[in-house]
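Going by this note's numbering, the sequence shown opens with residue 736, and the numbers climb by one from there.
Just so you know, even glycine gets a beta-carbon here, dropped at the ideal spot from N, CA and C.
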Amino acid sequence: MVAFSCQFQLTNYLHSQNSKTRSKYFISCSAQPIKSNIKVVINGATKEIGRAAIVAVTKARGMEVAGAVDSNYVGEDIGKVCGMEEPLEIPILNDLTMVLGSISQSKATGVVVDFTDPSTVYDNVKQATAFGMKSVVYVPRIKLDTVAALSAFCEKATMGVLVAPTLSIGSILLQQAAISASFHYNNVEIVESNANANDLPSADAIQIANNLSNLGKTYNKEDLSTDVLARGQVLGEDGVRVHSLVLPGLPSSTTVYFSAPGEIYTVKHDITDVQCLMPGLLLAIRRVVLLKNLVYGLEKLL
736 MVAFSCQFQL
746 TNYLHSQNSK
756 TRSKYFISCS
766 AQPIKSNIKV
776 VINGATKEIG
786 RAAIVAVTKA
796 RGMEVAGAVD
806 SNYVGEDIGK
816 VCGMEEPLEI
826 PILNDLTMVL
836 GSISQSKATG
846 VVVDFTDPST
856 VYDNVKQATA
866 FGMKSVVYVP
876 RIKLDTVAAL
886 SAFCEKATMG
896 VLVAPTLSIG
906 SILLQQAAIS
916 ASFHYNNVEI
926 VESNANANDL
936 PSADAIQIAN
946 NLSNLGKTYN
956 KEDLSTDVLA
966 RGQVLGEDGV
976 RVHSLVLPGL
986 PSSTTVYFSA
996 PGEIYTVKHD
1006 ITDVQCLMPG
1016 LLLAIRRVVL
1026 LKNLVYGLEK
1036 LL
């Protein structure tokens, strides 16, 4: 699509023979391409994070909600389900292929945001790829085998996919701070809290532990035992322990403690609302359209 912009310029000049002022008009026109919005499909749209994503994408510049997929509230307007003041006139469907087909006909840039389940991610990404659409995957507990299979598939298809263990910018900053600190401390433990006992240790705690383990160090050499359950779960083989505290009303919190003789260094991050994931999600949507392969971790696109 092309937009034409024209400028009119009025110039006065003096005619030498009759000394009358005459006007001369100039018209200049230029053609500039109009960038169309990114069409975003939310798969898992009625989950808490899915509803927040619908609202965030609706308000964001350069993108728009083009489809909502879920097995709940099928046929209802996603805007109403999300509590928006006006309906979006987008019905919730339980068929991802049907939604992708309607978008592909418009030949617009499309992104599927997947909030579903580890068992369905691979098939969902394949469907999106078949219709020429990129994918942002935020599915806790996705297996590394699935990520490896997706990476191989995306490389053959030359299609961009972002698999994000976290969408929280604060969590990413915490991980980066923990990696920096690990070069200076040999003792480290992770303490997390949550309001419920689902998915513990959390994906964030596992990611931090994996990042520290990949540095080739062994931590807590004076306390490597794994047979005392009260000491927390050791992730990996490098002595990084995770303690998970579960109490109703607690915010989702991750704290990394480092210690050395005479000092303790603490890095902490709290999540009080799913809204904190939306800036990372919008960034992921904008960046994934430029990818031609799979990227694991939003931090690689910051």
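> For the beta strand (DSSP E) that contains Glu-927, what are its first and last residues?
Replying inline: Against the sequence shown, residue 927 aligns to sequence position 192. Following the DSSP letters along the chain, one finds Glu-927 inside the beta strand (DSSP E) bounded by residues 922-929.
> Which parts of the region 767-815 are runs of the beta strand (DSSP E), unbroken and 3 residues or longer, counting only runs that do not cross its ends?
Replying inline: You should have 773-778 and 798-804.
>> Which residue wins for smallest C-alpha separation from Thr-864, given the options Asn-949, Leu-823, Asn-946 and Val-896?
In response: Residue mapping note: residue 864 aligns to position 129 of the sequence shown, counting from 1. By alpha-carbon distance to Thr-864, the top candidate from Asn-949, Leu-823, Asn-946 and Val-896 is Val-896.
> Near Lys-1003, which residues of its chain fall below 6 angstroms by C-beta distance, leaving aside the five closest residues on each side in sequence?
Replying inline: Translated into positions along the sequence shown, residue 1003 becomes position 268. Closer than 6 angstroms at the Cβ level, and outside the excluded window around Lys-1003, lie Thr-990.
> If you count every other CB in all the chains shown that lies within 10 Å of the CB of Lys-956, and 16 or more means buried, which is it?
Replying inline: What you label residue 956 is simply residue 221 of the sequence shown in a count that begins at 1. The residue is exposed, with fewer than 16 neighbouring Cβ atoms inside 10 Å.
>> Using only the alpha-carbon positions, how far apart do Thr-781 and Gln-968 sit?
In response: Walking along the sequence shown from the start, residue 781 turns up at place 46. Walking along the sequence shown from the start, residue 968 turns up at place 233. If you take the alpha carbons of Thr-781 and Gln-968, they lie about 33 angstroms apart.
>> In whole angstroms, give me the CA-to-CA distance for Leu-828 and Leu-835.
In response: Position 93 of the sequence shown, counted from the first residue, corresponds to residue 828. Position 100 of the sequence shown, counted from the first residue, corresponds to residue 835. Using only the alpha carbons, I get a separation of about 11 angstroms.
> Of the choices Leu-823, Ala-916 and Asn-929, whose alpha-carbon is the least far from that of Ile-943?
Replying inline: Sequence index remark: in the sequence shown, residue 943 carries index 208 (1-based). Shortest Cα-Cα distance from Ile-943 to any of Leu-823, Ala-916 and Asn-929 involves Ala-916.
>> Can you tell me whether Ile-999 is buried or exposed? The criterion is at least 16 other CB atoms within 10 Å of its CB, across all chains shown.
In response: Start at 1 with the first residue of the sequence shown, and residue 999 comes out as number 264. Burial check for Ile-999: the Cβ neighbour count within 10 Å stays below 16, so the residue is exposed.
> Considering only residues of the same chain and omitting the five flanking positions on each side of Arg-1021, which have a CB-CB separation below 8 angstroms?
Replying inline: Looking up residue 1021 in the sequence shown gives position 286. Contacts found: Ile-773, Gly-797 and Met-798.
> For Ile-1006, which of helix, strand or coil comes out of DSSP?
Replying inline: The residue labelled residue 1006 in the question sits at position 271 within the sequence shown. In the displayed model, Ile-1006 falls within a strand according to three-state DSSP.
>> As a quick exercise: from Ala-883, Phe-888, Ala-795 and Leu-947, pick the residue whose alpha carbon is nearest that of Gln-910.
In response: Position 175 of the sequence shown, counted from the first residue, corresponds to residue 910. Out of Ala-883, Phe-888, Ala-795 and Leu-947, Leu-947 has the C-alpha closest to the C-alpha of Gln-910.
> Quick one: any contact between the region 850-861 and the region 916-929, if contact means 3 or more CB pairs under 8 angstroms?
Replying inline: Contact between the region 850-861 and the region 916-929 is not established, with fewer than three Cβ pairs separated by less than 8 angstroms.
> Quick one, which of Leu-985, Asn-1028, Leu-1033 and Gly-1032 has its alpha-carbon nearest Ser-886's?
Replying inline: Position 151 of the sequence shown holds residue 886. Comparing Cα-Cα distances from Ser-886 to each of Leu-985, Asn-1028, Leu-1033 and Gly-1032, the minimum goes to Asn-1028.
> For Ser-677, which beta-bridge partners are listed by DSSP?
Replying inline: Here the chain comprises residues numbered 736 to 1037, so residue 677 is not present and cannot be evaluated.
> Taking the runs of the beta strand (DSSP E) that are 3 residues or longer, which of them lie wholly in the region 987-1034?
Replying inline: Whole beta strand (DSSP E) segments, 3+ residues: 987-995, 998-1006 and 1029-1031.
> What number of angstroms, rounded off, separates the C-alpha of Ile-813 from the C-alpha of Leu-823?
Replying inline: By 1-based counting over the sequence shown, the position of residue 813 is 78. By 1-based counting over the sequence shown, the position of residue 823 is 88. Just so you know, the alpha carbons of Ile-813 and Leu-823 end up roughly 7 angstroms apart.
> Who are the near neighbours of Thr-844 in its chain, counting only those whose CB is closer than 6 angstroms to its CB and skipping five residues on each side?
Replying inline: Here residue 844 refers to the residue found at position 109 when the sequence shown is read from its first residue. Only Ile-773 and Val-1024 meet the Cβ criterion.
> Helix or strand or just coil, what does DSSP make of Leu-950?
Replying inline: Translated into the one-based positions of the sequence shown, residue 950 becomes position 215. Residue state, collapsed to three classes: coil.
>> Using 8 angstroms for Cβ pairs, my map puts Val-963 next to Ala-940. What's the rounded Cβ distance?
In response: Looking up residue 963 in the sequence shown gives position 228. Looking up residue 940 in the sequence shown gives position 205. Contact flag wrong, Cβ pair sits at about 19 angstroms.
> How would you write the range of the alpha helix (DSSP H) that Lys-861 sits in, first residue to last?
Replying inline: One-based indexing of the sequence shown puts residue 861 at position 126. It spans 856-865 - the alpha helix (DSSP H) in which Lys-861 sits, taken as one unbroken run.
>> One question on the structure: do Ser-979 and Pro-936 come within less than 8 angstroms of each other, judged by their Cβ atoms?
In response: To locate residue 979, count along the sequence shown from 1; it is residue 244. To locate residue 936, count along the sequence shown from 1; it is residue 201. Taking 8 angstroms as the cut-off, the beta carbon of Ser-979 is found closer than this to the beta carbon of Pro-936.
>> Considering Cα atoms alone, identify which of Leu-1037, Gly-802 and Thr-1001 is closest to Val-926.
In response: Walking along the sequence shown from the start, residue 926 turns up at place 191. The residue among Leu-1037, Gly-802 and Thr-1001 with its C-alpha nearest the C-alpha of Val-926 is Thr-1001.
>> Relative to the C-alpha of Gly-779, which candidate in Ala-791, Lys-815 and Val-848 has its C-alpha closest?
In response: Working through the sequence shown from its first residue, we reach residue 779 at position 44. Comparing Cα positions, the closest option is Val-848.
>> Taking the alpha carbon of Ala-938 as the reference point, which residue from Ser-988, Leu-1036, Asp-805 and Leu-1017 has its own alpha carbon closest?
In response: Working through the sequence shown from its first residue, we reach residue 938 at position 203. Selected option, being the one with the closest Cα: Ser-988.
> So the alpha helix (DSSP H) Gly-836 belongs to, where does it begin and stop?
Replying inline: As a first step, residue 836 must be located in the sequence shown, where it is residue number 101. Counting along the chain, the alpha helix (DSSP H) containing Gly-836 begins and ends at 831-839.
> Where do the ends of the beta strand (DSSP E) carrying Lys-869 lie?
Replying inline: Residue 869 sits at position 134 when you count from the first residue of the sequence shown. 869-872 is the span of the beta strand (DSSP E), which, as asked, contains Lys-869.
>> Taking 8 angstroms as the limit between beta carbons, can you name the residues of its chain near Asp-973, skipping five residues before and five after?
In response: As a working note, residue 973 is residue 238 in the sequence shown. Excluding sequence neighbours, Asp-973 sits near Leu-947, Ser-948, Lys-952, Thr-953 and Tyr-954.
>> From the DSSP secondary-structure annotation, give me the bridge partner or partners of Gln-968.
In response: Reading the sequence shown from its first residue, position 233 is the one you call residue 968. Note: Gln-968 sits in a beta bridge opposite Val-977.
>> Less than 7 angstroms between C-beta atoms, sequence neighbours within five positions excluded: which residues of the same chain meet that for Ala-791?
In response: The residue given as residue 791 occupies position 56 in the sequence shown. Excluding residues within five positions, the ones whose Cβ falls inside 7 angstroms are Met-1013, Leu-1016 and Leu-1017.
>> Using a 10 Å radius around the Cβ and a threshold of 16 neighbouring Cβ atoms, would you call Lys-891 buried or exposed?
In response: For the purposes of this step, residue 891 is identified with residue 156 of the sequence shown, where counting begins at 1. Lys-891 is classed as exposed because its beta carbon has fewer than 16 other beta carbons within 10 Å across all chains shown.
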